[in-house]
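Engineer: Input: one structure, supplied below.
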Amino acid sequence: MSTYNENKCPVKKLTTRDLKNWKKGASRQQISALTCYDFQTAQLLNETNLDIILVGDSLGNVILGYDHTISVGLCEMEIFGKAVRRGAPDKFLIMDMPFGTYATFNQGVENCLRLFQATRAEAVKLEGAFPHVLEIISRITDSGVPVMGHIGLIPQSVHALGGHYQHGKDEASRERLIREAQALEKAGVFAIVLECIEKTVAAEITSMLSIPTIGIGAGRMVDGQILVINDLLKMGPNRPPKFCQPVADFYSLKKEAITKYIETLTLPPTPTTNYEIGHIHS
Ligand code: KIV
Numbered sequence: 014m015s016t017y018n019e020n021k022c023p024v025k026k027l028t029t030r031d032l033k034n035w036k037k038g039a040s041r042q043q044i045s046a047l048t049c050y051d052f053q054t055a056q057l058l059n060e061t062n063l064d065i066i067l068v069g070d071s072l073g074n075v076i077l078g079y080d081h082t083i084s085v086g087l088c089e090m091e092i093f094g095k096a097v098r099r100g101a102p103d104k105f106l107i108m109d110m111p112f113g114t115y116a117t118f119n120q121g122v123e124n125c126l127r128l129f130q131a132t133r134a135e136a137v138k139l140e141g142a143f144p145h146v147l148e149i150i151s152r153i154t155d156s157g158v159p160v161m162g163h164i165g166l167i168p169q170s171v172h173a174l175g176g177h178y179q180h181g182k183d184e185a186s187r188e189r190l191i192r193e194a195q196a197l198e199k200a201g202v203f204a205i206v207l208e209c210i211e212k213t214v215a216a217e218i219t220s221m222l223s224i225p226t227i228g229i230g231a232g233r234m235v236d237g238q239i240l241v242i243n244d245l246l247k248m249g250p251n252r253p254p255k256f257c258q259p260v261a262d263f264y265s266l267k268k269e270a271i272t273k274y275i276e277t278l279t280l281p282p283t284p285t286t287n288y289e290i291g292h293i294h295s
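Taking the numbering used here, the leading residue of the sequence shown gets 14, the next gets one more, and so forth.
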């Protein structure tokens, strides 16, 4: 957790160096991270001791109503990223690179620099450890852009992977995840998201790396946890994923409040003469 002064203001914005030092042990702490997509929620998070905000491409699902994250574009990420930056100027902000914006080396480098600069984020996140992604990561970290990696269930590759399922359940999958995590660390990422990974494999990867791991559906033996804020607060009608235990039910609360408000509405008094109607309209 970050440190706060008596005015509840963060004493200092988190840095990638802090995160790496936490992992080293002396001041070890669990990293807390949540997604965020809008100005007012960002303002709220800015007043908490949350460590990291991710403007995830999950905004495609929970904000824009797409079926998957594949439909999210760079312009959308830029709009939401700028809104979150305005609301949470004191937080370590990470921008997800959306599908198709880093499919080739040149395009990837250019788009990562563009989104990083336009949103004034502290870092970007790329999914997967494919050879060209590793090359993009090396180049942009050399150019001063911190990168967070993401392995396991990588939603932008959901069709290539053949659906949503837990990774690391067999030996081939375990070995692949370990290879990917090590390759990402070598390429220069400052942290890695482990999504839907068997918990013993996530623990093994965490103990192997010198950079922090942030889990989502990957058990507790990781260096931090990240969740989609809309799942944590149950903002929508659907059941959140199994690994997320909501801390509130804002969908029901809001529905109830709006229903009550509608019930308080009464018809305006009926005008008594035609003259009054004419007078109002003139
Ligand atoms: O887009 C997103 O919200 C994410 C998190 C689930 C890690 O990538």
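All C-beta atoms, glycine included, are put in the ideal place defined by N, C-alpha and C.
Go through its chain and collect everything with a Cβ distance to Lys33's Cβ below 8 Å, but skip five positions before and after it.
Structural biologist: Within the same chain, Cβ atoms closer than 8 Å to the Cβ of Lys33 are found at Phe203, Ser223, Ile224, Pro225, the five residues on either side in sequence being excluded.
Engineer: My parser needs the beta strand (DSSP E) runs of 3 or more residues fully inside the segment 118-157; what are they?
Structural biologist: 136-138
Engineer: Ends of the beta strand (DSSP E) at Asn53?
Structural biologist: A small fix is needed here, since residue 53 is Gln in this sequence, not Asn. No beta strand (DSSP E) holds Gln53; the alpha helix (DSSP H) holding it covers 52-59.
Engineer: Given the structure, does Asp64 come close to the ligand KIV, in the sense that its CB is under 6 Å from one of the ligand's heavy atoms?
Structural biologist: no
Engineer: Can Ser170 be considered in contact with the ligand KIV, in the sense that its beta carbon sits closer than 6 Å to one or more heavy atoms?
Structural biologist: no
Engineer: Quick one: what's got a C-beta closer than 6 Å to Ala55's C-beta in the same chain, skipping five residues either side?
Structural biologist: Cys49, Val97, Gly100, Ala101
Engineer: Within its chain, find whatever has a CB closer than 7 Å to the CB of Ser295; leave out the 5 residues flanking it on each side and keep chain order.
Structural biologist: Its pLDDT being 46, under 50, Ser295 is placed unreliably by the model, and the measurement read from it follows with that caveat. No residues qualify anywhere along the chain.
Engineer: Which class does Glu208 belong to by DSSP, given the choice of helix, strand or coil?
Structural biologist: strand
Engineer: Bridge partners for Asp109 per DSSP, in chain order?
Structural biologist: Lys138
Engineer: What do you reckon, is the C-beta of Val260 under 6 Å from a heavy atom of the ligand KIV?
Structural biologist: no
Engineer: Need the endpoints of the beta strand (DSSP E) that Thr48 sits in, please.
Structural biologist: 44-48
Engineer: From the DSSP output, in three-state form, read off Ile227 for me.
Structural biologist: strand
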